[in-house]
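For reference, the structure is listed below as structure tokens.
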Amino acid sequence: MVSSARTVRWVIGSGALALVALSQAAGAQEVTEQQIVRALMPPPKTRGLSLGAPTQAEVVNTDKAFVDSLRGRSTRSLSLGDRAKLDSVAADKPAIDLVMEFDFNSDVLRGEALATADKLGRALSSRELKGQTFMIAGHTDAKGGEDPNQKLSERRADAVKRYLVQTYRIPADTLIGVGYGKSHLKNAADPFGRENRRVQAVNMLQVRTAER
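Take the sequence shown: its position 42, counted from the start at 1, is 42 in full-length UniProt numbering, and no numbers get skipped.
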């Protein structure tokens, strides 16, 4: 879903804690708070000319308006069209990938999963990331039906979002929860693989109007 040399995807699965890193800097080590901050940092701003229609500014404004329309919405309220559009807008944005442990068919954060969520909470509260808008997206593997997996992915995204809001006082309208069920397998060659059971955090590169 999100591809970038800087990207480290955030995966929440039911296996042992591990970091699935796409960046050489992060390597295969357990992720640190600072690695999370660096992975989610906005890229340096560049200036250039854009030809053709629509202009880059128009695209950015359209995407911003869409993301703003999702603030305060519950994860379950997003339609199939909303989820597809959000997936498109999130492409190529900075993202981080952490492996946590959820029990089978559970959305309860505990143990190593809770410790990793704490690292994320501290990172999102940092000076570098505070006030940014983040997508929290839940995914499952291919085991089971589409509807149960869709609901499970939404519950897990909600669990992470709720913990960040309640424990780290991160404004709820800066966290957009979404579930994708089993529609976005990370490893289609192994549809039941633990790497498919994950949650992604993506920096949408937008700041709340109140924070400007």
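Even for Gly, the Cβ is constructed at its ideal location relative to N, Cα and C.
Start-to-end residues for the alpha helix (DSSP H) that takes in residue i
{"i": "A121", "result": "For the sequence presented, residue 121 should be read as Gly rather than Ala. Here the alpha helix (DSSP H) through G121 covers 111 to 124."}
{"i": "G81", "result": "80 to 90"}
Contacts around residue i, its chain only, beta-carbon distance under 7 Å, and the 5 residues preceding and following it disregarded
{"i": "S126", "result": "V37"}
{"i": "R110", "result": "none"}
{"i": "R155", "result": "D107"}
{"i": "T75", "result": "E154, A157, D158, G177, V178, G179"}
Alpha-carbon spacing of residue i relative to residue j, whole angstroms
{"i": "G121", "j": "K143", "result": "30 Å"}
{"i": "V31", "j": "T174", "result": "23 Å"}
{"i": "Q150", "j": "A157", "result": "11 Å"}
{"i": "residue 271", "j": "L152", "result": "Residue 271 is absent from the structure shown; the chain starts at 1 and stops at 212."}
{"i": "V202", "j": "K119", "result": "15 Å"}
{"i": "E33", "j": "Q200", "result": "16 Å"}
{"i": "K93", "j": "G131", "result": "16 Å"}
{"i": "Q206", "j": "D190", "result": "35 Å"}
{"i": "N187", "j": "Q35", "result": "24 Å"}
{"i": "D97", "j": "F134", "result": "13 Å"}
{"i": "A84", "j": "A90", "result": "10 Å"}
{"i": "V165", "j": "A113", "result": "16 Å"}
{"i": "F66", "j": "I170", "result": "21 Å"}
{"i": "K64", "j": "A95", "result": "18 Å"}
{"i": "D147", "j": "D87", "result": "19 Å"}
{"i": "T167", "j": "A115", "result": "12 Å"}
{"i": "H184", "j": "G138", "result": "10 Å"}
Reduced DSSP category for residue i - H, G, I as helix; E, B as strand; rest coil
{"i": "V31", "result": "coil"}
{"i": "N61", "result": "helix"}
{"i": "V108", "result": "coil"}
{"i": "L70", "result": "helix"}
{"i": "V99", "result": "coil"}
Beta-carbon contacts of residue i that lie in its chain and below 8 Å, excluding the five residues immediately before and after
{"i": "S14", "result": "Its pLDDT being 39, under 50, S14 is placed unreliably by the model, and nothing is read from it."}
{"i": "L129", "result": "V37, L40, M41, A123, N203"}
{"i": "F192", "result": "D141, A142, K143"}
{"i": "K161", "result": "T75, I136, A172, L175, G177"}
Contacting residues, own chain, Cβ-Cβ under 6 Å from residue i (five flanking each side not counted)
{"i": "K45", "result": "none"}
{"i": "R71", "result": "D173"}
Tell me the start and end of each unbroken beta strand (DSSP E) in the segment 119 to 198 that is at least 3 residues and wholly inside, in chain order.
132 to 139, 175 to 179
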